[in-house]
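**Q** One structure coming up, written as structure tokens, with questions to follow.
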Amino acid sequence: MAENAPSAAAAPQRNPLRWLLWLAAALAVGAAVYWLGWARPHEADGAAGRRARASNAPTPVATATVTRQTIRSTLNALGTVTPVDTVTVQAQVSGQLTQVAFTEGRTVRRGDFLAQIDPRPYEAALAQAQGQLLKDQAMLGQARMDLVRYQQLAEKNSINRQQAEDQKWVVQQDEGVVKVDEAQVQTARINLGYCRIVAPTDGRIGLRLVDPGNLVQTGASATGLAVITRMQPMSVVFVLPEDSLAVVLARQHAGAALPVQAYDRSGTRLLDTGALQAIDSQINTSTGTVNLKAQFPNEAGNLFPNQFVNVVLRVDEQQDAVAVPTAAVQRGSNGSFAYRVDGDGKVAVAPVQLGPVDGERAAVISGLQPGDEVVVDGADKLRDGARVSLRNAAAH
1 MAENAPSAAA
11 APQRNPLRWL
21 LWLAAALAVG
31 AAVYWLGWAR
41 PHEADGAAGR
51 RARASNAPTP
61 VATATVTRQT
71 IRSTLNALGT
81 VTPVDTVTVQ
91 AQVSGQLTQV
101 AFTEGRTVRR
111 GDFLAQIDPR
121 PYEAALAQAQ
131 GQLLKDQAML
141 GQARMDLVRY
151 QQLAEKNSIN
161 RQQAEDQKWV
171 VQQDEGVVKV
181 DEAQVQTARI
191 NLGYCRIVAP
201 TDGRIGLRLV
211 DPGNLVQTGA
221 SATGLAVITR
231 MQPMSVVFVL
241 PEDSLAVVLA
251 RQHAGAALPV
261 QAYDRSGTRL
271 LDTGALQAID
281 SQINTSTGTV
291 NLKAQFPNEA
301 GNLFPNQFVN
311 VVLRVDEQQD
321 AVAVPTAAVQ
331 RGSNGSFAYR
341 VDGDGKVAVA
351 PVQLGPVDGE
361 RAAVISGLQP
371 GDEVVVDGAD
381 KLRDGARVSL
391 RNAAAH
């Protein structure tokens, strides 16, 4: 029957989306097989090869040549210029200041006239003391004459011997009075001399502190006339850590004169050169430092009282020492060492024993010889036997 026959239009058809998904999956599997089986092993081989080539490449370094030169070991400190002598000119007698003869800021010599106090009261006191002395000397002369007469009369029994003895005591009393009078005259003469004020020491005199016409007084609390500061020589007091004291004492006990240089605040201009003079007897427990004093001739006058200076104390010196830049010295578990460059372009570890250090140079007691090339830059990338290339070799 015609209505029961199957229709050709009802036959099943292929799904194109499913076919595309299967194709994409097959391609992905093929790519993975390719990567794991061939590409990745070849890439790993290439990286290993590059690493091997890099490990064999020489390390660029900078070097310096070991030389012979003088090495000075120094200690640096901050110091204060301190005068050897500072004297405040004081009046030694009271009175009115009638004259000031000095020029402020000028150099004076011991004994130079500086100022004058009204001398008239002290001239009168001297005249009075001299008059009293003359009076008492006359009384002493009369007493001595009476003593001679009494002694003669006593020998003739004309008077009592006790009277002669009493006269002897009168003479001694008058002699004592005359001695007191002589001392009074000397005191009055000294006080009169104090009216003329002179420089007690050599040095530079400062600003005037009292003007003429003022009444000056004596005593520690009285105002001085001026301050004289001795400028030559000049001292500098500076401090060092207590850890540095041992080497200074060792050199001092050995009889070495330790040179000291004073530089300006910037540390660039040398002001003067002197020598260590003294070390304080105690360490400051609150700061862990000790005071030291150096003395300078100060002939050029570059050092001024209370000036701050940079001090360089030379504690040791080695002439014609084997010298190496401090940048070449490395620290290891076995001590100090340096990388020495051999002739075949490789480095070798050279243990070194160091002596004094002078800034960027150090004396080598053992381990290196003049002419050796040592690494001064790039040592952190090296090991014993490593190959190096010199990028900026320099002789020091």
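Take the sequence shown: its position 273, counted from the start at 1, is 273 in our numbering, and no numbers get skipped. Built from N, CA and C at the ideal position, the CB exists for glycine as well. All figures in this text were calculated on a predicted structure; none of them were measured in a lab.
With a CB to CB cut of under 6 Å and the five nearest residues on each side skipped, what residues in its chain are close to ALA48?
**A** With a pLDDT of 47 at ALA48, under the threshold of 50, the modelled position of this residue cannot be trusted, and the question is left open.
**Q** Considering only the alpha carbon of each residue, which of MET231, ALA256 and ASN310 lies closest to THR201?
**A** For the residues MET231, ALA256 and ASN310, the minimum Cα distance to THR201 belongs to MET231.
**Q** By alpha-carbon positions, which one of GLY288, GLN116 and THR59 ends up nearest to CYS195?
**A** For the residues GLY288, GLN116 and THR59, the minimum Cα distance to CYS195 belongs to GLN116.
**Q** Pick from LEU390, LEU78, PHE337 and GLN69: whose alpha carbon is nearest that of VAL309?
**A** When only C-alpha atoms are compared, the closest one is LEU78.
**Q** Suppose you measure from the CA of LEU140 to the CA of ARG149; what does that come to, to the nearest Å?
**A** Rounded to the nearest angstrom, the two C-alpha atoms are 14 Å apart.
**Q** Considering only DSSP beta bridges, list what ASN76 is partnered with.
**A** ASN76 pairs with VAL312.
**Q** Just the Cα atoms here: how many angstroms apart are ASP211 and VAL100?
**A** Cα to Cα, the separation comes out at about 7 Å.
**Q** Have a look at VAL178, PRO233, GLY111 and PHE113 and flag the residue whose alpha-carbon is nearest the alpha-carbon of PRO83.
**A** It is PRO233.
**Q** Does the contact criterion of 3 or more C-beta pairs under 8 Å hold for the stretch 307-325 versus the stretch 250-261?
**A** Cβ pair count under 8 Å is three or more, so yes.
**Q** Tell me whether ASN160 sits in a helix, a strand or coil according to DSSP, three-state version.
**A** Three-state result, ASN160: coil.
**Q** Determine the DSSP secondary structure at VAL290, reduced to helix, strand or coil.
**A** Correct three-state label for VAL290: strand.
**Q** Looking at C-alpha atoms only, which residue of VAL198, ARG68, LEU292 and THR74 is the closest neighbour of VAL108?
**A** Looking at the Cα atoms, VAL198 is the closest of the given residues.
**Q** Whole angstroms are fine: how far does the CA of PRO121 sit from the CA of GLN96?
**A** Cα to Cα, the separation comes out at about 10 Å.
**Q** What number of angstroms, rounded off, separates the C-alpha of VAL324 from the C-alpha of LEU382?
**A** Each residue's alpha carbon lies about 19 Å from the other.
**Q** Do VAL376 and ALA327 have their C-beta atoms within less than 7 Å of each other?
**A** Going by C-beta atoms, VAL376 is nearer than 7 Å to ALA327.
**Q** According to DSSP, is GLN137 helix, strand or coil?
**A** DSSP places GLN137 in helix when its eight states are reduced to three.
**Q** What do you reckon, are the CB atoms on VAL388 and THR59 nearer than 7 Å?
**A** Yes.
**Q** Go to LEU303, then tell me how far its alpha helix (DSSP H) extends in each direction, as first and last residue.
**A** That residue, LEU303, is in no alpha helix (DSSP H); it is neither H nor E in DSSP.
**Q** Since ALA154 sits in a beta bridge, which residues does DSSP pair it with?
**A** None; ALA154 has no bridge partner.
**Q** Using 8 Å as the threshold, is the stretch 63-70 in touch with the stretch 174-187, meaning 3 or more CB pairs across them?
**A** No: fewer than three Cβ pairs fall under 8 Å.
**Q** Measure the beta-carbon distance from GLY224 to GLN90 and round it to whole angstroms, keeping in mind my assumption that it falls under 8 Å.
**A** Correct: roughly 5 Å between the Cβ atoms.
**Q** Which whole-angstrom value describes the C-beta separation of ARG204 and THR229, a residue pair presumed to lie in contact below a C-beta threshold of 8 Å?
**A** Indeed, because the Cβ distance is near 5 Å, the residues count as touching under 8 Å.
**Q** Taking LEU249 as part of the alpha helix (DSSP H), name the residues at either end of that continuous run.
**A** 245-253 is the span of the alpha helix (DSSP H), which, as asked, contains LEU249.
**Q** Hey, out of ALA28, LEU133 and ASN76, whose CA is closest to ASP264's CA?
**A** Closest option to ASP264, Cα to Cα, is ASN76.
**Q** Cutting at 7 Å between CB atoms, please list the residues of its own chain near GLY111, excluding the five before and the five after it.
**A** Cβ within range, chain order: VAL198 and ALA199.
**Q** By alpha-carbon positions, which one of GLY193, GLN130 and ASP243 ends up nearest to THR289?
**A** That would be ASP243, whose Cα lies nearest to the Cα of THR289.
**Q** Can you tell me whether DSSP reads LEU390 as helix, strand or coil?
**A** Correct three-state label for LEU390: strand.
**Q** When you compare each of ALA348, GLU360, VAL357 and GLN128 to ALA386 by their alpha carbons, which one comes out closest?
**A** With distances taken between Cα atoms, ALA386 lies closest to ALA348.
**Q** Is the distance from the Cβ of GLN363 to the Cβ of GLN319 below 7 Å?
**A** Note that residue 363 corresponds to Ala in the displayed sequence, not to Gln. For ALA363 and GLN319, no; Cβs fall outside 7 Å.
**Q** VAL185 and GLN128: beta carbons closer than 7 Å?
**A** The answer is no: Cβ separation not under 7 Å.
**Q** Would you say PRO119 and LEU192 are within 7 Å of each other, going by their C-beta atoms?
**A** Against a cut-off of 7 Å, the Cβ pair of LEU192 and PRO119 comes out as a contact.
**Q** Identify which residue in ASP280, GLN307, ILE71 and SER94 has its Cα closest to the Cα of PRO356.
**A** That would be ILE71, whose Cα lies nearest to the Cα of PRO356.
**Q** Measure the C-alpha to C-alpha separation of ARG144 and VAL171 and round it to an integer number of angstroms.
**A** The straight-line gap from Cα to Cα measures roughly 6 Å.
**Q** For LEU192, which beta-bridge partners are listed by DSSP?
**A** BP columns for LEU192 are empty, so no partner.
**Q** With C-beta atoms as the reference, is GLU373 less than 7 Å away from VAL341?
**A** Going by C-beta atoms, GLU373 is nearer than 7 Å to VAL341.
**Q** To which residues of the same chain is GLN217 closer than 6 Å at the C-beta, ignoring the five residues directly before and after it?
**A** For GLN217, where only same-chain residues beyond five positions count, the Cβ hits under 6 Å are SER94.
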